[in-house]
Structure formats: structure tokens, C-alpha cells
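Report on one structure; see the data block that follows.
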Amino acid sequence: MKLTKVNYLKARDFILANARMIERRLFQFYFENDNAEGVYHAVYAYRNQDGGFGHGMEPDTASPESQPLFSIMALETLDDVGYLTKEIIRDDFMPYFESITTEKGGIPWMLKPKSNYPCEAHFKTVKERSALSTTAPLLGILEKYKMDLPWMIKAEQFVWGEFDRIKDKHVFCYLCVPRWLMFLKHTKNQKTAIKTINNLKHAIGNQGIICDDKSDEGWGLYGKPHRLNYATNSNSVCSSLFSSEDIESDLTALISKQKDDGRWDTWYGISEGTKLEWAGIQTLWALEVLKNYGKIEN
């Protein structure tokens, strides 16, 4: 089963009419052969004078304040489209990350808001401590671009210690796992990395994490991941966990979940506007996965 051309065009129109500029530029990059410079400018619209990224880069908050997670998201996006360079990392990103590094050597997931803006409740109760989900991908990108910074020494000690501490906890978070893998793929300590990857794969495949109830409204969303969340393409690290039949079944279900107006929906959003923003993010993600598996009609 493939997404029909008609339904692909519905998804395109939904993104172009409703999504944020960053998703529109990413769509044009991935599907309409646009260059990466447009993505760069869309990403930098979220940048603050302190070098961090804010302004609701994740739509769960309307706060303009810089946040570590949003800055990681910006870094990942530029890497994904091939626009990132050593100079951009060193000059535009590292001063901010160094300024928020904790005594343990890592960077927090989020910082408590200093001002009162609409946001989900979990933003108001964050603990400002070093987090694996932000420190690991930053280290991974630094290793990928063959950078050698003093900051990396203590950060790497923190990351390996955190892997030992959490073991197989949080593998249910399909947003965290790829960020861990960014580090594990590029670290020089491949012997330990391979062992850690195998432990992660074992936990994902044997802890009942995958939601097989395709009739569940939350299927594939946060808390109820499906296989495609962990294997966004056939070359994903976790692809070997799943049979081709199960992947095909999830792809068929993903196609069937498209709404009449072209979107793939979520339950996220602090307002009707941010629900549309999240739907734009989810729709772009669905199209990318279907494209990766060759499931969009020409």
C-alpha cells in the first residue's frame, strides 16, 4: 500500500497552509528540491541574543526564552539538511551551551521559565540538572564534525555515567533514543557504544514498549510508540528489531491514519493554534517516513 498522489498533495497543502515556516521550509527542502539556506533562516528566526533558541521552537510553550532542548533541536535540524559546519557549531552554538553547563559537565533538558508565558505544566516544574537527552546529541554532533573542545571531556564522563545509571529506563521515549544514538554512533569508544546500543535494542524489543493496537487514538504518539518511531527508515539502528511484515503493517496503518484535510493529527497543543503547529510537525514526519520506505506514489 502506498500513499496516493492525491493524498500526498492534500498533505502538502495542509503543511503549506497551516504549518509553521520551519516545517514549510523543511518540506520544500525534502520534497521540492529547495536549498538548505531557507531552512537555516527559518531556524535562526528562533535564536536569541544569548545564542540560545526559544520562541516556542517546540510548540508546548510560547515563551521566547532560550532553552537547551530548543537549541539542540536547532543544531539537529541544520545537521539534517547538511547546513551545519564546524564554524557554526563553535561560534553560534557552543558559547550558549557552555554558559548553561552544570557542575556535572552536561547541559539541562530545560530551564525553569523566568517569565509568565503560556506553556504546558511540565515546563514549570523542570529540574535544572544535566540531562542525557541533550548532552548526548551535542557530544555526538561534536564528534561527527571531528571537533576537539575542552568542554567535551567532562561532558563525556557525564554521558557514560548516565548510561550506566539509567540502563534501560526511558527507552519508551522515541524522541530520546535517536539523540542517544547520535552520540553512540560517533563516539570514539565504539566498544562500549556497541554494548550500550545492544542493551537499548534489547530493551525496546522485549519490554512491551511497542503499541500494537492500531485502533488506539494515541497509536504512534508520545507514550504509545509504534515501530516506525524507532525505525524511520530501513537503515535505522533499530530496524533489525522488527520483521519486514510488521514494518509493512505499521506503514499501512500510518497511511490509513491520515485525516480528510491531509494532516496526521496529534493530541498535543496548548491552544488551537499550537495544535495546528503540532499537526504540521506530525504531517511532515509522516511524509518523511513514507518517503524513506518508498510508500508515496509518483
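One point on numbering: in numbering that gives the first Met the number 0, the residue at position 212 of the sequence shown is 211, and numbering is uninterrupted.
We put the beta carbon where it would ideally sit given N, CA and C, even for glycine.
None of these values were measured; they are calculated from a predicted model.
Looking only at I208, A192, E36, the smallest Cα-Cα distance to L77 is reached by E36.
Beyond the five residues adjoining it in sequence on each side, L180 comes within less than 6 Å, by CB distance, of V236 in the same chain, given in chain order. With respect to L138, F182 sits close: the two C-beta atoms are nearer than 7 Å. For the 7 Å CB-CB criterion, A73 and F52 form a contact. Residue pairing by DSSP places L138 in no beta bridge whatsoever.
For T100, the secondary structure class from DSSP, reduced to helix, strand or coil, is coil. For a cut-off of 8 Å, the C-beta gap from R164 to S132 is around 13 Å, too long to register as a contact. In the three-state reduction of the DSSP assignment, Q189 falls in the helix class. In this structure the stretch 180-199 does not lie against the stretch 219-228, because fewer than three pairs of beta carbons, one per stretch, are closer than 8 Å. When only Cα atoms are considered, E287 and A18 end up about 15 Å apart. Q257 and W108 have their C-alpha atoms some 32 Å from each other. Collapsing the DSSP output to three states places S129 in a strand. CA-to-CA, the gap between E276 and W263 works out to about 11 Å. When the five nearest sequence neighbours on each side are left out, the beta carbons in the same chain lying within less than 6 Å of the beta carbon of E296 are those of K1, T3, K4, in order along the chain. In this structure, DSSP gives P112 a state outside helix and strand, which the three-state scheme calls coil. A distance of 7 Å or more separates the beta carbons of G207 and I14. The shortest CA-to-CA distance from F157 to any of I106, K194, A192, I193 is the one to I106. Annotation: the continuous alpha helix (DSSP H) that includes K290 extends over 271-291. One thing to note: A61 has its Cβ within 7 Å of the Cβ of P117. Around the Cβ of G81, a 10 Å sphere holds fewer than 16 other Cβ atoms; the residue is exposed.
Contact between K111 and E127 holds: CB atoms are separated by about 6 Å, below the 8 Å threshold. The straight-line gap separating the alpha-carbon atoms of T273 and K190 is approximately 43 Å. Residue environment: M20 is assigned as exposed (fewer than 16 neighbouring CB atoms within 10 Å of its CB, all protein chains considered).
When rounded, the separation of the alpha-carbon atoms in R89 and Y39 is 16 Å. Nearest C-alpha to N198 among K187, W284, C210, D167: D167. At a Cβ-Cβ threshold of 7 Å, P149 and I71 do not count as neighbours.
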